[in-house]
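In our numbering, the protein residues as written are 2 to 190. Data block below; observations after.
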């Protein structure tokens, strides 16, 4: 492809439906009262709440309400990811693919995106498709990239639909351009 597709950036705070400190922290976060969100989430995160751990990771990663500390972000994301939090898996993958505070590792990013994508995380599906399209951390596999982007696009991810349009307009390694398919993805309805 002539112009390289971009990987998504960080996922934002996990929304919750339960009442209590987690939801109160989310309300504080939405109000940009990051110090209050940190105060509410910190005890929950230390007790093992994966959503609070993920949210603390985001605060430290972005420097919202605290000094930016990518090591702390990595630690909290890892704790949450180990409990199955797909946003945390995804954000760790972004850290590894970009080398943000960690040793850059396409293979580590690929693994994290695979785990999150397998659990239905749409941006992870998209990024995983980009990695297969360009052979980042794995061999180049245009068919796998198309499969992942199609799954994400079918579930409403516009970036995946745009990737399909670009792939079919310009072709990928092993995939000839297909203007008719590009048009279908450009105008899916």
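No residue lacks a Cβ here, since even glycine has one placed at the ideal position from N, Cα and C. Note that the coordinates shown come from a computational prediction; the quantities given were computed from them, not determined experimentally.
Residue 121 vs residue 151 beta-carbon contact at 9 Å: Their beta carbons are not under 9 Å apart, which means residue 121 does not touch residue 151 by this criterion.
Ordered list of alpha helix (DSSP H) runs contained in the segment 103 to 177, each at least 4 residues: Entirely contained in the segment 103 to 177, the alpha helix (DSSP H) runs reaching 4 residues are, in chain order, 107 to 119, 123 to 135, 143 to 155 and 159 to 171.
Buried/exposed call for residue 130, threshold 16 Cβ in 10 Å: The residue is buried, with at least 16 neighbouring Cβ atoms inside 10 Å.
Assigned exposure category for residue 159 - 16 Cβ within 10 Å defines buried: By the beta-carbon neighbour count (other beta carbons within 10 angstroms, threshold 16), residue 159 is exposed.
Within 9 Å, strictly: CB atoms of residue 74 and residue 102: Taking 9 Å as the Cβ cut-off, residue 74 and residue 102 qualify as a contacting pair.
Residues near residue 173 by beta carbon distance below 7 Å, same chain, minus five either side: Here the set comprises 2, 134, 143 and 146.
6 Å Cβ shell around residue 153 - same chain, five flanking residues per side excluded: Residues of the same chain with a CB within less than 6 Å of the CB of residue 153, apart from the 5 flanking positions on each side, are 123, 126, 127 and 161 in chain order.
Limits of the unbroken alpha helix (DSSP H) element including residue 47: Boundaries of the alpha helix (DSSP H) harbouring residue 47: 35 to 47, taken from the DSSP string.
Helix, strand or coil at residue 100 [DSSP, three-state]: Residue state for residue 100 is assigned as coil, using DSSP reduced to three classes.
Cα-Cα separation, residue 22 to residue 94: Approximately 28 Å between the Cα atoms of the pair.
Alpha carbon of residue 181 to alpha carbon of residue 82, nearest angstrom: A straight-line Cα-Cα distance of about 40 Å links residue 181 and residue 82.
Residue 183 - DSSP class collapsed to helix/strand/coil: Residue 183: helix per DSSP, three-state reduction.
DSSP state of residue 83 mapped onto helix, strand, coil: Assignment of residue 83 by DSSP, reduced to helix, strand and coil, places it in the coil class.
Residue 1 vs residue 96 beta-carbon contact at 9 Å: With the chain represented from 2 up to 190, any question about residue 1 goes unanswered, as that position is not in the structure.
Three-way DSSP call (helix, strand, coil) for residue 22 in this model: Residue state, collapsed to three classes: helix.
Proximal residues to residue 108 (C-beta, below 6 Å), its chain only, five neighbours per side dropped: Spatial neighbours of residue 108 in its own chain (CB-CB distance under 6 Å, excluding positions within 5 residues in sequence) are listed in chain order as 138.
Member of 56, 92 and 104 whose CA lies at the smallest distance from the CA of residue 44: Taking the Cα of residue 44 as reference, the smallest distance to any Cα among 56, 92 and 104 is reached at 56.
Range covered by the alpha helix (DSSP H) that runs through residue 56: Counted as a single uninterrupted DSSP element, the alpha helix (DSSP H) harbouring residue 56 occupies residues 51 to 63.
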